[in-house]
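Student:
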Amino acid sequence: MGLKVRIYYEDTDSGGIVYHSNYIKFCERARSEIVFASGIEFDENRHFVVTKLEANYLKPAILGDVLDVKTKLIKVGAVSLVLAQDIYKVANIKGECESELIFRAKVIVGFISGGKLSRLEPEFARIFSQLDED
Numbered sequence: 017m018g019l020k021v022r023i024y025y026e027d028t029d030s031g032g033i034v035y036h037s038n039y040i041k042f043c044e045r046a047r048s049e050i051v052f053a054s055g056i057e058f059d060e061n062r063h064f065v066v067t068k069l070e071a072n073y074l075k076p077a078i079l080g081d082v083l084d085v086k087t088k089l090i091k092v093g094a095v096s097l098v099l100a101q102d103i104y105k106v107a108n109i110k111g112e113c114e115s116e117l118i119f120r121a122k123v124i125v126g127f128i129s130g131g132k133l134s135r136l137e138p139e140f141a142r143i144f145s146q147l148d149e150d
């Protein structure tokens with residue numbers, strides 16, 4: 017599943033290059049959209065928190081670019097999910113859509129229920145498992 021993001025002035029530094037922390041925000045939005053699209057609602061009693069993140073910045077995005085944030089499930093744990101999140105710069109060249117990988121992350125999210133790390137609810141495992149089927 018991919019999330020399209022356009023780069024606006026507010027996303028960039030004074031040189032028009034996307035500020036590094038915004039790539040993390042784009043990944044967070046993509047993970048949230050996966051859950052929102054399933055019809056499940058987060059609340060104060062159950063949600064995810066990032067417990068580990070490895071990020072590789074490969075090429076910059078700039079003002080006006082359109083990015084595609086793609087998420088894949090790597091592993092389902094008892095209380096966590098391991099996800100791969102790649103961000104591609106999308107270009108429309110002579111009517112054909114091409115994409116270039118510019119950011120790659122491995123994210124581990126823990127499931128929180130009742131204010132503490134808890135066993136992952138099956139519906140969340142199912143939602144993220146279906147990503148590979150898209």
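Residue numbering for the sequence shown follows my numbering, beginning at 17 and increasing consecutively.
All residues carry an ideal CB built from backbone N, CA and C; glycine is no exception.
#1: My output table needs one value for R22: the three-state DSSP class, helix, strand or coil.
#2: Helix, strand or coil for S134? Go by DSSP, reduced to three states.
#3: Please identify the residue among G18, G55, V92 and D102 whose C-alpha is closest to the C-alpha of A121.
#4: Throw me the rounded Cβ distance for the K155 and G18 pair, which I believe falls under 8 Å.
#5: For I23 and Y39, what's the separation of their Cα atoms in angstroms?
#6: Quick check: the stretch 141 to 148 against the stretch 73 to 82, are there 3 or more CB pairs under 8 Å?
#7: Does the structure place the stretch 121 to 134 close enough to the stretch 65 to 75 that three or more beta carbon pairs sit under 8 Å?
#8: Would you report the Cα separation of E26 and V34, rounded to the nearest angstrom?
#9: List the endpoints of the continuous alpha helix (DSSP H) containing K75.
Tutor: This is what the structure holds:
#1: strand
#2: coil
#3: D102
#4: With the chain running from 17 to 150 in the structure shown, residue 155 is simply not present.
#5: 11 Å
#6: no
#7: yes
#8: 9 Å
#9: Here K75 belongs to no alpha helix (DSSP H), and DSSP marks it neither H nor E.
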